[in-house]
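K.L.:
Sharing a structure here in C-alpha coordinates format.
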Amino acid sequence: MKKYFFVLFLATGIAAGAQESNAPVAAAKGISYGSAVPTGVNILSTEKVNYEVKEGQPYTGVVEGKVKEVCQTMGCWMKLETPDGTIMVKMKDHSFFLPKNIVGHTVQVAGTAEVKEETEAKRKHYAEDAGKPKAEVAKIKGTAKEVQIQATGVTVID
(Lines of atoms letter the chains of each structure in order from A and count residues from 1; the text may use other names and numbers.)
(Lines give C-alpha, C1' and ligand atoms only; values in the text may rest on other atoms or scores of the structure.)
Protein backbone atom coordinates (compact mmCIF):
# COMPACT_ATOMS: atom_id res chain seq x y z
CA MET A 1 0.00 0.00 0.00
CA LYS A 2 2.84 2.38 0.84
CA LYS A 3 4.31 1.66 -2.59
CA TYR A 4 1.12 2.79 -4.30
CA PHE A 5 0.99 6.03 -2.32
CA PHE A 6 4.63 6.67 -3.13
CA VAL A 7 4.03 6.10 -6.86
CA LEU A 8 0.93 8.32 -6.76
CA PHE A 9 2.87 11.04 -4.90
CA LEU A 10 5.75 10.79 -7.40
CA ALA A 11 3.41 10.98 -10.41
CA THR A 12 1.64 14.02 -8.96
CA GLY A 13 4.98 15.74 -8.36
CA ILE A 14 6.12 15.09 -11.92
CA ALA A 15 2.84 16.38 -13.35
CA ALA A 16 3.03 19.53 -11.22
CA GLY A 17 6.58 20.17 -12.37
CA ALA A 18 5.52 19.92 -15.99
CA GLN A 19 3.09 22.85 -15.74
CA GLU A 20 3.49 25.56 -18.35
CA SER A 21 5.24 28.75 -17.28
CA ASN A 22 3.48 32.12 -17.61
CA ALA A 23 6.79 33.82 -18.35
CA PRO A 24 6.83 35.45 -21.81
CA VAL A 25 9.06 34.07 -24.54
CA ALA A 26 12.40 35.89 -24.83
CA ALA A 27 12.39 38.84 -27.24
CA ALA A 28 13.66 38.11 -30.74
CA LYS A 29 12.87 39.34 -34.23
CA GLY A 30 9.36 38.30 -35.28
CA ILE A 31 8.11 37.32 -31.80
CA SER A 32 4.68 38.76 -30.91
CA TYR A 33 2.94 39.30 -27.58
CA GLY A 34 -0.79 39.83 -27.11
CA SER A 35 -3.02 40.26 -30.17
CA ALA A 36 -1.57 40.34 -33.68
CA VAL A 37 -0.18 43.70 -34.78
CA PRO A 38 -1.87 44.66 -38.08
CA THR A 39 0.33 44.64 -41.18
CA GLY A 40 -0.04 46.81 -44.26
CA VAL A 41 -1.22 49.80 -42.23
CA ASN A 42 0.25 53.26 -41.69
CA ILE A 43 2.85 53.10 -38.90
CA LEU A 44 3.52 56.14 -36.74
CA SER A 45 7.08 56.59 -35.46
CA THR A 46 7.68 57.60 -31.84
CA GLU A 47 9.14 60.86 -33.18
CA LYS A 48 5.69 61.81 -34.54
CA VAL A 49 3.46 60.54 -31.71
CA ASN A 50 3.80 63.65 -29.53
CA TYR A 51 2.83 65.84 -32.52
CA GLU A 52 -0.09 63.66 -33.65
CA VAL A 53 -1.67 62.91 -30.26
CA LYS A 54 -3.30 65.86 -28.52
CA GLU A 55 -5.47 65.99 -25.42
CA GLY A 56 -8.93 64.73 -26.42
CA GLN A 57 -7.62 63.46 -29.79
CA PRO A 58 -6.34 59.89 -29.36
CA TYR A 59 -4.61 57.91 -32.10
CA THR A 60 -5.54 54.28 -32.68
CA GLY A 61 -3.15 52.30 -34.83
CA VAL A 62 0.45 51.10 -34.86
CA VAL A 63 3.44 52.91 -33.35
CA GLU A 64 7.04 51.83 -33.94
CA GLY A 65 9.95 52.61 -31.63
CA LYS A 66 12.90 51.37 -29.62
CA VAL A 67 12.30 50.01 -26.10
CA LYS A 68 14.15 52.02 -23.45
CA GLU A 69 12.72 50.45 -20.25
CA VAL A 70 10.48 47.57 -19.23
CA CYS A 71 8.81 46.64 -15.94
CA GLN A 72 11.29 44.38 -14.15
CA THR A 73 8.57 42.88 -11.97
CA MET A 74 6.03 41.48 -14.45
CA GLY A 75 6.72 43.00 -17.87
CA CYS A 76 3.36 44.80 -17.72
CA TRP A 77 4.65 48.09 -19.18
CA MET A 78 7.51 49.46 -21.25
CA LYS A 79 8.78 52.86 -22.34
CA LEU A 80 9.65 53.70 -25.94
CA GLU A 81 12.39 56.22 -26.74
CA THR A 82 11.48 59.58 -28.28
CA PRO A 83 13.76 62.50 -29.18
CA ASP A 84 12.52 64.39 -26.10
CA GLY A 85 11.90 61.59 -23.59
CA THR A 86 9.78 58.45 -23.55
CA ILE A 87 6.27 57.17 -24.24
CA MET A 88 4.69 54.89 -21.63
CA VAL A 89 3.14 51.72 -23.07
CA LYS A 90 0.85 49.70 -20.80
CA MET A 91 -0.47 46.27 -21.71
CA LYS A 92 -4.25 46.64 -21.97
CA ASP A 93 -6.02 44.92 -19.07
CA HIS A 94 -2.72 43.19 -18.19
CA SER A 95 -3.74 40.66 -20.85
CA PHE A 96 -0.12 39.92 -21.79
CA PHE A 97 3.39 40.58 -20.52
CA LEU A 98 6.78 41.35 -22.04
CA PRO A 99 10.16 39.74 -21.33
CA LYS A 100 12.82 41.72 -19.50
CA ASN A 101 15.25 41.31 -22.42
CA ILE A 102 13.08 43.40 -24.76
CA VAL A 103 15.03 46.57 -23.86
CA GLY A 104 17.00 47.80 -26.89
CA HIS A 105 14.75 46.07 -29.43
CA THR A 106 12.65 47.94 -31.99
CA VAL A 107 8.98 47.03 -31.68
CA GLN A 108 5.64 47.76 -33.31
CA VAL A 109 2.82 48.41 -30.86
CA ALA A 110 -0.87 48.13 -31.77
CA GLY A 111 -3.19 50.12 -29.55
CA THR A 112 -4.51 53.55 -28.63
CA ALA A 113 -2.26 56.50 -27.78
CA GLU A 114 -3.70 59.37 -25.76
CA VAL A 115 -2.65 62.11 -23.37
CA LYS A 116 -3.06 61.00 -19.75
CA GLU A 117 -2.24 62.55 -16.40
CA GLU A 118 -0.14 60.31 -14.18
CA THR A 119 -0.07 60.77 -10.40
CA GLU A 120 3.12 61.17 -8.41
CA ALA A 121 2.46 57.84 -6.68
CA LYS A 122 2.11 55.99 -10.02
CA ARG A 123 5.21 57.68 -11.43
CA LYS A 124 7.20 56.56 -8.38
CA HIS A 125 5.74 53.05 -8.67
CA TYR A 126 6.87 52.77 -12.31
CA ALA A 127 10.36 54.02 -11.39
CA GLU A 128 10.58 51.35 -8.67
CA ASP A 129 9.35 48.68 -11.14
CA ALA A 130 12.10 49.77 -13.54
CA GLY A 131 14.70 49.17 -10.82
CA LYS A 132 15.66 52.84 -10.39
CA PRO A 133 17.71 53.77 -7.30
CA LYS A 134 15.73 55.02 -4.29
CA ALA A 135 17.38 58.46 -4.56
CA GLU A 136 16.09 58.83 -8.13
CA VAL A 137 12.59 57.69 -7.14
CA ALA A 138 12.54 60.25 -4.31
CA LYS A 139 13.18 63.08 -6.82
CA ILE A 140 9.87 62.40 -8.61
CA LYS A 141 7.40 65.12 -7.63
CA GLY A 142 3.86 65.97 -8.73
CA THR A 143 1.62 64.77 -11.52
CA ALA A 144 2.65 64.80 -15.17
CA LYS A 145 0.72 64.80 -18.45
CA GLU A 146 2.19 62.42 -20.98
CA VAL A 147 1.30 60.40 -24.04
CA GLN A 148 0.52 56.80 -23.08
CA ILE A 149 -0.35 53.82 -25.24
CA GLN A 150 -2.78 51.09 -24.19
CA ALA A 151 -1.29 48.20 -26.17
CA THR A 152 -3.30 45.28 -27.49
CA GLY A 153 -0.28 43.70 -29.16
CA VAL A 154 3.49 44.06 -29.58
CA THR A 155 5.77 42.59 -32.28
CA VAL A 156 9.57 42.67 -32.13
CA ILE A 157 10.99 44.07 -35.39
CA ASP A 158 14.71 43.75 -34.58
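The sequence shown runs -18 to -1, 1 to 140 under mature numbering (1 follows the signal peptide of the UniProt record, and there is no 0).
For each residue, glycine too, the CB sits at the ideal point set by N, CA and C.
(1) Please state whether DSSP places Lys36 in a helix, a strand or coil.
(2) With distance defined between alpha-carbon atoms, name the residue in Thr21, Phe78, Asn83 nearest to Thr134.
(3) Assign Pro115 to one of two classes, buried (16 or more other C-beta atoms within 10 Å of its C-beta) or exposed (fewer than that).
(4) Classify Ala112 as buried or exposed, calling it buried when 16 or more other Cβ atoms lie within 10 Å of its own Cβ.
(5) In or out: Gln130 buried (at least 16 other Cβ within 10 Å) or exposed?
(6) Can you tell me the Cα-Cα spacing of Gly22 and Ala109, whole angstroms?
(7) For Gly124, which residues in the same chain have their Cβ closer than 6 Å to its Cβ, ignoring the five residues on either side in sequence?
(8) Considering only DSSP beta bridges, list what Ile84 is partnered with.
P.N.:
Answer, in terms of the structure:
(1) In this structure, Lys36 counts as strand in the three-state DSSP scheme.
(2) For Thr134, the nearest C-alpha among the options comes from Phe78.
(3) Pro115 is classed as exposed because its beta carbon has fewer than 16 other beta carbons within 10 Å across all chains shown.
(4) buried
(5) Under this definition Gln130 is a buried residue.
(6) 35 Å
(7) Glu102
(8) DSSP output for Ile84 lists no bridge partner at all.
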